[in-house]
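Taking my numbering, the leading residue of the sequence shown gets 176, the next gets one more, and so forth.
Idealized CB from N, CA, C, for every residue including glycine.
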Amino acid sequence: MKQFFLVYFVSFFLSSLIVSTIGASPQHNKLITKKILKNYNKKHRPVKSEASPVNIFVQLRITHVESINQKEQAMALHGQLFTSWKDEYLTWDSEEFNHTTAIYLDAFQIWQPALTLINNADAKGWNIHLGSTPALVSSSGYVILSGIFSFYVTCKFDFSYYPYDTQECPIALTEWIYDVSKVNLSEFTNEQAKPILKLSWDPIRNKSREHAGGNKYEMEKWKIEDTWKRHCYWGPEGCVDTITNLQLEWYWSVVEFGIKITREASYFTMTITIPTITAIFITLTSFWIASYKIALVLNIFSIIIQGLFGWNLVHGLPPGNGNVPRIVYLYGGNLLLTLLAYIIHVLFGHLEHIYPEGIIIPSHITNITKVLKKKKLFQVKGITFDPSTMLDEKVENNEDLVNLEDPMNIENPTIIQGMSKEDNEKIISLENLSSESDIELQETPTYNEENSINSSLNNTEIEENKEKKCELININSKKNHLKDQLFLIRRLMFIIFVIFYLIILFICCR
Numbered sequence: 176m177k178q179f180f181l182v183y184f185v186s187f188f189l190s191s192l193i194v195s196t197i198g199a200s201p202q203h204n205k206l207i208t209k210k211i212l213k214n215y216n217k218k219h220r221p222v223k224s225e226a227s228p229v230n231i232f233v234q235l236r237i238t239h240v241e242s243i244n245q246k247e248q249a250m251a252l253h254g255q256l257f258t259s260w261k262d263e264y265l266t267w268d269s270e271e272f273n274h275t276t277a278i279y280l281d282a283f284q285i286w287q288p289a290l291t292l293i294n295n296a297d298a299k300g301w302n303i304h305l306g307s308t309p310a311l312v313s314s315s316g317y318v319i320l321s322g323i324f325s326f327y328v329t330c331k332f333d334f335s336y337y338p339y340d341t342q343e344c345p346i347a348l349t350e351w352i353y354d355v356s357k358v359n360l361s362e363f364t365n366e367q368a369k370p371i372l373k374l375s376w377d378p379i380r381n382k383s384r385e386h387a388g389g390n391k392y393e394m395e396k397w398k399i400e401d402t403w404k405r406h407c408y409w410g411p412e413g414c415v416d417t418i419t420n421l422q423l424e425w426y427w428s429v430v431e432f433g434i435k436i437t438r439e440a441s442y443f444t445m446t447i448t449i450p451t452i453t454a455i456f457i458t459l460t461s462f463w464i465a466s467y468k469i470a471l472v473l474n475i476f477s478i479i480i481q482g483l484f485g486w487n488l489v490h491g492l493p494p495g496n497g498n499v500p501r502i503v504y505l506y507g508g509n510l511l512l513t514l515l516a517y518i519i520h521v522l523f524g525h526l527e528h529i530y531p532e533g534i535i536i537p538s539h540i541t542n543i544t545k546v547l548k549k550k551k552l553f554q555v556k557g558i559t560f561d562p563s564t565m566l567d568e569k570v571e572n573n574e575d576l577v578n579l580e581d582p583m584n585i586e587n588p589t590i591i592q593g594m595s596k597e598d599n600e601k602i603i604s605l606e607n608l609s610s611e612s613d614i615e616l617q618e619t620p621t622y623n624e625e626n627s628i629n630s631s632l633n634n635t636e637i638e639e640n641k642e643k644k645c646e647l648i649n650i651n652s653k654k655n656h657l658k659d660q661l662f663l664i665r666r667l668m669f670i671i672f673v674i675f676y677l678i679i680l681f682i683c684c685r
């Protein structure tokens, strides 16, 4: 059905042309013209009964889409316009005129509809003139009149899914003088006859060009997906599909031809999508870094990436018309979450370094961390880039492989061989000591007064050192406990951030 009427036009046009060329002569054409135009009034509707409407079939053939202006939300396109109707005054008996079934008449000699482009964006193109080509008139009164058009129409673009958006632009035509009771632009059987697309001439491969460019300031290309057609009635309730009110003089017949286009810009994937995903992964990775300094560096690096590529996004955004593109929500949400991650790492680093003896964490938080410790995800150690930490881990792993000897059993054969006999005699062997020598050693005086004072001082110093060591151990244990608590909270924040990102992606991609 959608191609039937165009084929009908072409076949009728060719057959009539052949018949009129073979069977007719200029003399018969003049006689037919003189007969049918005698007492003909081109200002009068071509019906003999005033109660009868004139049914006009309108068809478009789009041959070129010149530009798509996002700022003005308009489209410039060119093509051919076909119209057909029945003129009850332009009839004759073909047998009286040598079987002449069709003739050509100048368009200005007969009645034609006053077609008007409703959504015209150019002040010069409201009325559509079809007088550039002659009209083909059949003996039964059917008229075919065609012409070329150059429309600059207004559209209503929705950039919610920018840069992967699909837009539709209508071409609304109506008969401006007569209401629907007098002129109807589309018959019921013609509803499926949507516009024909033929954007390039390729008779060999019979393939049409599918892409159209934007204006000279835009880099985007648009792919023409499909066309559509809608017949409605313009009245007090707007453009409705059916007339519920019996007052037909309040409505005008409107035919909407539409073109559906999809934006094609492959560089958006490289300049927007991939950098945004990279920044998301960098932000999430910062929660697994053991060092707060490196985590802050990653957050700052993510903010810089979003700033550089976000400028490209803002520079290429189409003008806002009410609906904000969802890619802006994704970009803004990612930037806010990255800033929040930066603030979290600054606060946690402040708590760890400014309060080395630890702080009191509320019990409900510690209860959460106790539960989290049992989960495998929270038992994984953080990523570290500190060489000393990495070496300590290697030493701890290799402790079992090290065999330490008795420090009292020191024998160096090179030293013993280098000693003289006198030195060897002076060496006292503990094994050769007798019980008498032990008694002699015990009988020697042990301490004097000075030695007792020094020993007491040494004992006090040892006790003080032990107390300091105990305090350091307590501080380190508290600090390590605080560090573990904060690290578990960071893991929990990682899960919360993942949930936020999934929500944002769901909102932006649905």
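Range of the contiguous alpha helix (DSSP H) that encloses residue i
i	result
K172	Lying outside 176 to 685, the shown extent of the chain, residue 172 is not represented and no answer is given.
N481	Note that residue 481 corresponds to Gln in the displayed sequence, not to Asn. Unbroken alpha helix (DSSP H) run through Q481: 467 to 491.
T291	T291 -> not in any alpha helix (DSSP H); beta strand (DSSP E) instead, spanning 290 to 292.
I455	449 to 460
Status (buried if at least 16 other CB within 10 Å, exposed otherwise) for residue i
i	result
P338	buried
R665	buried
M445	exposed
H520	buried
Y442	exposed
W260	buried
K369	buried
N295	buried
P582	In this prediction, P582 has a pLDDT of 46, which is less than 50 and means its spatial position is unreliable; nothing more can be read from the coordinates.
E618	Because the pLDDT at E618 is just 48, under 50, the model does not fix this residue reliably, and the point stays unresolved.
I591	Confidence at I591 is low in this model, with a pLDDT of 49, below 50, so the placement of that residue is unreliable and no value is reported for it.
K404	buried
K468	exposed
S307	exposed
L483	exposed
Q660	buried
P411	exposed
N420	exposed
D262	buried
N273	exposed
G413	exposed
A226	exposed
L360	buried
C684	exposed
P450	buried
Identified DSSP bridge partners for residue i
i	result
F675	F675 pairs with nothing; no bridge assigned.
A347	E431
L423	The partner list for L423 (beta bridge, DSSP) is empty, contrary to what the question assumes.
I243	M250
E439	K396
V355	V355 is not bridged to any residue.
Q234	F257
N710	Residue 710 lies beyond the residue range present for the chain, which begins at 176 and ends at 685; the question has no answer from this structure.
L372	I237
W409	C414, W427
K404	F432
N295	V328
Q342	I436
N302	T291
Beta-carbon separation (whole angstroms), residue i vs residue j, contact threshold 8 Å
i	j	result
I231	T258	6 Å
L235	I399	In fact, because the Cβ distance is near 13 Å, the residues do not count as touching under 8 Å.
Q481	L459	Not confirmed; about 14 Å, so no contact.
P228	S356	6 Å
L256	G322	6 Å
T349	Q248	Actually they are not in contact, since the Cβ atoms of T349 and Q248 sit about 21 Å apart, beyond 8 Å.
W286	K217	5 Å
L311	I303	With 8 Å as the limit, L311 and I303 do not qualify as a contact, their Cβ atoms being about 18 Å apart.
P288	V222	Not quite, the Cβ-Cβ distance comes to about 13 Å (not below 8 Å), so this is no contact.
K435	E343	5 Å
D354	L423	6 Å
W397	V429	Actually they are not in contact, since the Cβ atoms of W397 and V429 sit about 26 Å apart, beyond 8 Å.
Beta strand (DSSP E) segment containing residue i, residue limits
i	result
A310	310 to 313
A226	Element bounds for A226: n/a, residue is neither H nor E.
F326	317 to 329
L280	277 to 280
V415	413 to 415
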